[in-house]
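A.B. asks: Below you'll find the structure I mean.
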Amino acid sequence: MQRNIIKKCKVCESTISVCFHYGVCTCRACGSFFRRYLLNEHGFKYNECKCSKENKDEKSQTNLAKCKKCRLEKCFSVGMKRLGLLKYPYKSLKNQST
């Protein structure tokens with residue numbers, strides 16, 4: 001019996017390129033977003049909410065893509081955490097294949 005298990009990103013609910021990033025099952029885009037935050041934690045762009053007041057209660061995927069503060073809050077709320085951070089995470093994989 002074959003089971004089709006579709007993994008969804010816990011942050012944006014995308015089903016494209018989903019695997020574990022920083023302890024949570026997320027898409028590559030959300031994993032990269034969180035990594036950029038970790039590299040620049042004091043960046044001003046994560047402090048301001050860009051959501052419009054009427055849509056603030058309804059945090060849809062389109063709002064998360066536009067508002068970095070809301071997307072970051074969602075990353076933390078689903079349990080993403082700082083793990084060993086590689087400066088160039090794909091470099092070691094590239095060197096092994098050659």
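Residue numbers (UniProt numbering): 1 to 98. Beta carbons: idealized from backbone N, C-alpha and C, even for Gly. Remember, it's a predicted structure, so these values are computed and weren't measured experimentally.
Within 10 angstroms of its Cβ, does C49 collect 16 or more other Cβ (buried), or is it exposed?
C.D. replies: Classification for C49: exposed.
A.B. asks: From K74 to L38, what does the alpha carbon distance come to, in whole angstroms?
C.D. replies: Going from the Cα of K74 to the Cα of L38 covers about 15 Å.
A.B. asks: Does C70 come out as helix, strand or coil in the three-state DSSP assignment?
C.D. replies: If DSSP states are grouped into helix, strand and coil, C70 belongs with the helices.
A.B. asks: Leaving out the 5 sequence neighbours to the left and right, which residues in its chain are closer than 7 Å to I16 when beta-carbon positions are compared?
C.D. replies: For I16, where only same-chain residues beyond five positions count, the Cβ hits under 7 Å are C27.
A.B. asks: Does DSSP classify E54 as helix, strand or coil?
C.D. replies: Any answer about E54 is weak, because its pLDDT of 49 lies below 50 and its placement is not dependable; what the coordinates show is given next. The answer is helix: DSSP assigns E54 an H, G or I state.
A.B. asks: Using a threshold of 7 Å, state whether the C-beta atoms of K66 and K45 are closer than that.
C.D. replies: No.
A.B. asks: Mapping the DSSP letters down to three states, classify C25 as helix, strand or coil.
C.D. replies: Here C25 sits in strand by DSSP.
A.B. asks: Quick test of your reading: F20 and M80, contact by CB under 8 Å. State the CB separation rounded to the nearest angstrom.
C.D. replies: With a Cβ gap of about 10 Å, F20 and M80 do not count as contacting.
A.B. asks: Rounding to the nearest angstrom, what Cα-Cα distance links K10 and H42 in this structure?
C.D. replies: Roughly 24 Å separates the two Cα atoms.
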